[in-house]
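Number of protein chains: 2
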Amino acid sequence: MAYASALIALSDPTRRQVFERVIDGPRAVGQIAEGLPVSRPAVSQHLKVLKQAGLVTEQRRGTRRVYAANPQALGELRAWVEAMWRDALAAMMASIDGEEQK
Amino acid sequence: MAYASALIALSDPTRRQVFERVIDGPRAVGQIAEGLPVSRPAVSQHLKVLKQAGLVTEQRRGTRRVYAANPQALGELRAWVEAMWRDALAAMMASIDGEEQK
DNA sequence: TGCTAACGTAAGTCATGGCTTACGCATCGG
DNA sequence: CCGATGCGTAAGCCATGACTTACGTTAGCA
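Going line by line, the protein sequences match chains G and H.
This note's numbering numbers the first residue of the first sequence as 730 and each following residue consecutively.
This note's numbering numbers the first residue of the second sequence as 730 and each following residue consecutively.
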């Protein structure tokens, strides 16, 4: 059920912005927060959620903390959405077939 | 940006349960709510959110309202996650290559 | 050994959202 | 035509969560 925490993490628009910046390449917190409409502590809190969801990894670099995207957690979410999509398609086809028979 | 509302809609566990029941096949509200740990009005509210996100469609059948899954909205979410996943993979590779060169 | 930079965290505020009960409204059957 | 069924919606409650400012902590640097 790792996709659950990923869904929650990515449901917030600001946190999505943070995550997309990390995906662009490994960055320190200050660089991520730069230009965002929220304060740096807010970004730290978002990164904490993303980290607990497994979406990003943290690496200490002196006084800075460099965050990088972790494709694996994204892959699990991808697999879940894919399965749901397939099921929805299959159910739709079955529903149409049932309609034809009347 | 249709994926945004889909992410919000699917981030709630109860709403996910509702959606998964709809994916299983078109059902009326009463059937969906049956066995769930929340009341029927709560299910109605969840269905409203899912409908506004485009994840389900509504069809009136006498006094009942039959809800069915809409694969298209799920497909858009799928495409978005897929793109993010690719980008994350690409950034990871680039990061590793940069590491090798030092 | 201070000073500064780059963080995380604590505490408090405020809006959002999920849930309940109560009610209103349309539809089918007698 | 009237009761019952199957809903959606309104109102209110309460927990959660996103954000702020203030502070503590650690690492580089003169």
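Note that CB positions come from ideal geometry on N, CA and C, so glycine has one too.
Rounded to whole angstroms, the Cβ separation of Leu784/G and Ala738/G is 6 Å, and the two are in contact under 8 Å. When the beta-carbon positions are compared, Ala733/H and Ala798/G stay at least 8 Å from each other. Per the C-alpha coordinates, the member of Ala823/H, Ser768/H and Arg794/H positioned closest to Val751/H is Arg794/H. Contacts with chain G at 8 Å (Cβ-Cβ) do not include Leu765/H. Note that the C-beta distance between Gly804/G and Ala820/H is not below 8 Å. Boundaries around Thr743/G are those of the alpha helix (DSSP H), Pro742 to Asp753, since no beta strand (DSSP E) includes it. Interface annotation, Val772/G: not in contact with chain H, CB-CB separation never under 8 Å. The beta carbon of Ser773/H sits closer than 7 Å to the beta carbons of Val758 from its chain, once the five residues preceding and following it are set aside; these are given in chain order. Taking a C-beta cut-off of 9 Å against chain G, the contacting residues of the region 746 to 761 of chain H are Phe748, Glu749, Val751, Ile752, Asp753, Gly754 and Pro755, listed in chain order.
One alpha carbon belongs to Ala802/H, the other to Arg790/G, and they sit about 41 Å apart.
By the rule that beta-carbons nearer than 8 Å mark a contact, Gly804/G touches chain H. Where Ala782/H is concerned, there is no enclosing alpha helix (DSSP H), because DSSP gives it neither an H nor an E. Within the model, the alpha-carbon separation for Met822/G versus Pro766/H is close to 30 Å.
Counting C-beta atoms within 10 angstroms of its own C-beta, Ile761/G has 16 or more neighbours from the protein chains shown and is therefore classed as buried. The beta-carbon of Arg807/G is placed less than 8 Å from the nearest beta-carbon of chain H. Residues of chain G with a Cβ closer than 7 Å to the Cβ of Ser740/H are, in chain order, Leu736, Ile737 and Ser740. With contacts defined by Cβ atoms closer than 8 Å, Trp814/H and Pro742/G do not form a contacting pair.
DSSP places Val795/H in the strand class (E or B) of the three-state scheme.
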